[in-house]
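There are 2 protein chains.
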Amino acid sequence: MSKVTVAATQMACSWDRAANVARGERLIREAAASGAQVILLQELFETPYFCQEHSTRFFELAHELPGHPAVEHFRAVARELKVVLPVSLFERANNSYFNTVVMLDADGSVLGHYRKSHIPEGPGYHEKFYFSPGDTGFKVFETAYAKLGVAICWDQWFPECARAMALMGAEVLLYPTAIGSEPHDPSIDSSGHWQRTMQGHAAANVMPLVASNRIGTESGERGSMTFYGSSFIAGPTGEKVAEADRSSETVLSASFDLDQVRRYRHAWGVFRDRRPDLYYPLLSLDGRG
Amino acid sequence: MSKVTVAATQMACSWDRAANVARGERLIREAAASGAQVILLQELFETPYFCQEHSTRFFELAHELPGHPAVEHFRAVARELKVVLPVSLFERANNSYFNTVVMLDADGSVLGHYRKSHIPEGPGYHEKFYFSPGDTGFKVFETAYAKLGVAICWDQWFPECARAMALMGAEVLLYPTAIGSEPHDPSIDSSGHWQRTMQGHAAANVMPLVASNRIGTESGERGSMTFYGSSFIAGPTGEKVAEADRSSETVLSASFDLDQVRRYRHAWGVFRDRRPDLYYPLLSLDGRG
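Which chain is which? The protein sequence lines are F and P, in order. Taking the working numbering, the leading residue of the first sequence gets 238, the next gets one more, and so forth. Taking the working numbering, the leading residue of the second sequence gets 238, the next gets one more, and so forth.
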């Protein structure tokens with residue numbers, strides 16, 4: 238069971254929640270039909286990216302995890318197709334709200350959930366208004382096909398998160414995402430920066446990485462944002478092995494021999510030579526401990 | 238003093254130590270003549286890469302730091318040209334040996350030294366035979382032109398090291414290097430992996446990065462190694478802004494407005510949103526704390 242085929246998807250989302258779920262399911266079926274075993278949908282695919290604005294009405298979009306409609310829907314899909322599905326969703330938990338991924342194994346069982354640790358806040362990305370910073374810590378799930386580290390969008394900018402998942406045994410890193418234009422400055426196109434940061438995680442941790450991003454233009458009260466797609470799969474030296482364009486609904490896939498990747502990773506020696514005794518500056522915000 | 242011009246150099250090295258030092262000085266003068274203020278020579282440029290083999294006679298190449306001939310030589314060059322020079326050298330310290338960089342400021346003064354923290358060991362790269370893992374911790378030097386984080390070769394594969402220097406106030410990351418072919422497996426060309434890992438550090442920490450690597454083929458008792466050059470300068474989104482080929486003696490340079498880079502870095506928000514409370518897995522080797 239050393240060989241695994243992973244897939245990334247990207248799609249546009251409307252305010253028709255059932256249509257978005259159906260579109261996601263269609264992409265999953267397409268990926269599974271071509272042999273994918275681990276299939277990644279993008280972040281918060283059930284709705285438009287509501288964090289584009291501050292609006293209390295959007296808290297109504299969240300659901301408690303046991304019985305979350307997206308989880309229930311995709312459990313049946315995972316079981317039928319025998320695929321592993323990380324499902325990104327808006328979670329309500331008593332008086333708190335989180336940006337969460339639930340990991341569904343290939344038999345449809347729920348392996349657990351991860352709550353996004355790093356929460357952005359800026360023009361067009363008002364996530365600190367909606368989500369508490371996650372309290373689960375980083376998570377690696379032992380699925381039917383691979384040990385999967387999954388983190389969410391803004392997490393992808395943090396080498397600490399990728400490294401922690403690798404140290405915890407991840408064999409593949411997964412990132413559902415929603416990123417695009419910067420409403421305050423149309424001159425910024427962060428897509429290259431975004432890809433290179435994650436290629437760096439793949440390269441430094443010597444393991445494949447899958448990123449699924451949203452496409453399409455979405456309008457809010459204060460303007461509109463265009464999500465730049467560019468979903469990709471990186472190999473264990475950080476090289477891009479598959480990549481989508483900026484605007485097409487797409488399924489990408491790639492296969493990796495995880496035993497071969499592990500042998501290369503261990504022979505390369507970076508995990509042997511780490512110096513945790515010197516890493517204390519990482520445990521502070523200002524590097525002063 | 239917000240604008241700074243940095244340069245990378247690459248050259249081949251022989252067993253004529255004086256010739257290597259003279260060649261390094263010539264490249265520094267060439268870089269300074271074109272406006273460079275911070276000029277990076279490659280790792281252990283005074284000699285061939287002796288770690289290609291285990292040989293006790295090579296311990297004789299090391300010198301104590303106060304009075305190290307390379308430091309004395311380049312202090313005068315730094316002062317004359319008003320340039321900052323990180324000088325890579327083989328350091329003896331009583332009964333210990335280190336792979337060390339001494340940071341020379343633009344007035345020729347010694348700002349301090351950093352001892353390589355991560356020490357590789359593998360066919361052709363027998364550094365664990367020669368060097369103790371560094372005991373200085375990561376270092377950032379406040380020079381005349383910029384706050385410089387400097388680490389050495391194998392350190393460049395560790396996101397923890399780059400992040401620590403960034404947290405400690407580095408504005409530019411510098412890596413003198415000696416890397417090339419893998420004698421046990423000629424099919425491995427790690428140059429892309431090597432560049433992408435460091436591009437990831439630049440991207441994740443939103444700051445420029447300079448890597449200077451050796452060129453040329455060097456023969457040892459057990460065969461020969463070819464160093465692949467490919468020295469480069471990355472900008473603050475990890476993009477390559479200058480790059481050398483695999484075999485030419487080269488001086489590369491690039492200019493950055495460090496205030497502008499800092500504003501972009503801070504506006505991007507990654508340092509604001511770090512979660513040190515979740516990073517404890519980084520302080521162990523097996524991710525289990």
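Quick reminder that beta carbons are idealized off the backbone N, C-alpha and C, glycines included. Computed from a predicted model, the values in this text were never measured in an experiment.
Have a look at residue i and residue j and give me their C-alpha separation to the nearest angstrom.
i, j, result
"F/GLY460", "F/PRO285", "14 Å"
"P/GLU280", "F/TYR351", "42 Å"
"F/LEU547", "F/PHE311", "The structure shown has nothing for residue 547 of chain F, since chain F only spans 238 to 526."
"P/VAL443", "F/SER428", "14 Å"
"F/GLY304", "F/SER449", "25 Å"
"F/SER325", "F/PRO306", "12 Å"
"P/GLU486", "F/SER346", "59 Å"
"P/LEU298", "P/ILE425", "30 Å"
"F/ASN336", "F/ILE470", "23 Å"
"F/SER418", "F/SER484", "13 Å"
"F/LYS365", "F/PRO396", "21 Å"
"F/VAL258", "F/LEU318", "16 Å"
"P/THR414", "P/ASP372", "19 Å"
"P/ARG316", "P/PHE378", "17 Å"
"F/ALA270", "F/ALA244", "11 Å"
"P/GLU267", "P/ALA491", "14 Å"
"P/ALA388", "F/TRP252", "50 Å"
"F/THR380", "F/CYS390", "21 Å"
"P/GLY506", "F/GLU358", "8 Å"
"F/HIS430", "F/ALA479", "17 Å"
"F/LEU522", "P/TYR501", "18 Å"
"F/LYS384", "F/GLU408", "5 Å"
"F/ILE265", "F/PRO323", "11 Å"
"F/ALA256", "F/MET462", "21 Å"
"F/ASP422", "P/LEU515", "32 Å"
"P/ARG294", "P/GLU283", "16 Å"
"P/VAL308", "P/VAL338", "10 Å"
"F/TRP394", "F/THR434", "6 Å"
"P/PHE508", "P/PHE296", "42 Å"
"F/PRO420", "P/ASP510", "20 Å"
"P/MET405", "F/MET405", "26 Å"
Name the residue from the options whose alpha carbon lies nearest to the alpha carbon of residue i.
i, options, result
"P/THR386", "P/ARG316, P/SER428, P/LEU446, P/GLY361", "According to the sequence displayed, residue 386 of chain P carries Gly and not Thr. Taking only the C-alpha atoms, the option nearest P/GLY386 is P/LEU446."
"P/ALA249", "P/LEU277, P/TYR362, P/GLY453, P/ILE356", "P/GLY453"
"P/GLN497", "P/THR474, P/LEU515, P/VAL488, P/ALA481", "P/THR474"
"F/LEU519", "P/SER354, P/VAL377, P/ALA399", "P/ALA399"
"P/GLN274", "P/SER239, P/THR246, P/VAL321", "P/VAL321"
"F/TYR216", "F/HIS421, F/TYR501, F/HIS438, F/ASP344", "Nothing in the structure corresponds to residue 216 of chain F, since chain F is present only between 238 and 526."
"P/GLY374", "P/SER354, P/ARG509, P/GLU476, P/PRO360", "P/SER354"
"P/GLY524", "F/ALA479, F/PHE282, F/ARG433, F/ALA401", "F/ALA401"
Please work out which residues of its chain come closer than 6 Å, Cβ to Cβ, to residue i, disregarding the five sequence neighbours upstream and downstream, and give them in chain order.
i, result
"F/GLY272", "THR242"
"F/ALA403", "ASN442"
"F/ILE356", "GLU364, LYS365, PHE368, PRO370"
"P/LEU348", "MET340, ASP342, PHE378"
"P/ALA440", "THR474, GLY475"
"F/SER239", "ASP494, LEU495, ASP496"
"P/PRO513", "none"
Any idea which residues DSSP pairs residue i with across the strands?
i, result
"P/SER333", "P/ALA330"
"P/SER325", "P/VAL338"
"P/ASP494", "P/LYS240"
"P/SER461", "P/SER456"
"F/THR474", "The partner list for F/THR474 (beta bridge, DSSP) is empty, contrary to what the question assumes."
"P/ARG352", "P/THR337"
"F/LEU411", "F/VAL387, F/VAL447"
"P/ILE425", "The partner list for P/ILE425 (beta bridge, DSSP) is empty, contrary to what the question assumes."
"P/GLY359", "P/TYR362"
"P/THR380", "None, per the DSSP bridge assignment."
"P/LEU489", "P/ALA245"
"P/GLU480", "P/PHE469"
"F/GLY374", "F/GLY374 pairs with nothing; no bridge assigned."
Ignore the nearest five residues each way along the sequence and tell me which others in residue i's own chain have a CB closer than 8 Å to its CB.
i, result
"P/SER333", "SER369"
"P/GLU301", "GLU328, ARG329, ALA330"
"F/GLY466", "GLN247, ASN450, ARG451, ILE452, ALA481, ASP482, ARG483, SER484, SER485, THR487"
"F/GLU290", "HIS363, GLY457, GLU458, ARG459"
"F/ASP392", "LYS353, SER354, HIS355, CYS398, TYR412"
"F/LYS477", "GLN432, GLN436, PHE469, ILE470, ALA471"
"P/TYR382", "MET238, VAL241, GLN274, VAL275, VAL321, ALA343"
"P/ARG527", "Since the displayed chain P opens at 238 and closes at 526, residue 527 of chain P lies outside it and no answer follows."
For residue i, which residues from the same chain have a beta carbon less than 7 Å from its beta carbon, with the 5 sequence-adjacent residues on both sides left out?
i, result
"F/GLU262", "VAL314"
"F/ARG260", "MET248"
"P/CYS288", "TYR362, HIS363, GLU364, TYR367"
"F/ARG254", "GLU283, THR284"
How would you list, in chain order, the residues of chain B whose beta-carbon sits under 9 Å from the beta-carbon of residue i?
i, result
"F/LEU519", "Here chain B cannot be found, since the structure's protein chains are F and P."
Where are the alpha helix (DSSP H) runs, 4 residues long or more, that stay fully inside the segment 258 to 334 of chain F, in chain order?
The segment 258 to 334 of chain F contains these whole alpha helix (DSSP H) runs: 306 to 318.
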